Amino acid sequence: MTKKKDDTSQGKKLTRGDEVTWSSHGGTAEGKVERKITRRTEAAGRTVDASPDDPQYEVRSAKSGRTAVHKPSSLRKK
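The sequence shown stops at residue 78 when you use UniProt numbering, and every number in between is there.
Written as structure tokens, this is what we have:
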């Protein structure tokens, strides 16, 4: 039996509108969760290979306004 991956950030569920931070090239970036991705789709200019057991999140940077996709483990809820 495989263990379901943790869909949380430090034990907290992520939902649309949550303010989060993540590591970026120049340090730490911050923004808001736009949506939870649970299937293979196009987002932030690339193909995202997500599933219900391995979701990813589309986030919008507060600084640049651009979107990016991250796994829950890389996001920290503010």
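We put the CB at the ideal spot given by N, CA and C, even for glycine.
Quantities reported herein were computed from a predicted structural model and do not represent experimental measurements.
- Taking 8 Å as the cut-off, the beta carbon of residue 59 is found closer than this to the beta carbon of residue 32.
- Runs of the beta strand (DSSP E) lying entirely within the UniProt domain "Hypervirulence associated protein TUDOR" (17-75) and spanning at least 3 residues, in chain order: 19-24, 27-37, 41-43, 46-48, 56-61 and 67-70.
- Put simply, of 44, 38, 19 and 65 the residue whose alpha carbon is nearest the alpha carbon of residue 53 is 38.
- By the Cβ-count criterion, residue 70 is buried, with 16 or more other Cβ atoms from all chains shown falling within 10 Å of its own Cβ.
- Between residue 28 and residue 19, the alpha-carbon positions lie close to 13 Å from each other.
- Between residue 62 and residue 56, the CB-CB gap reaches or exceeds 8 Å.
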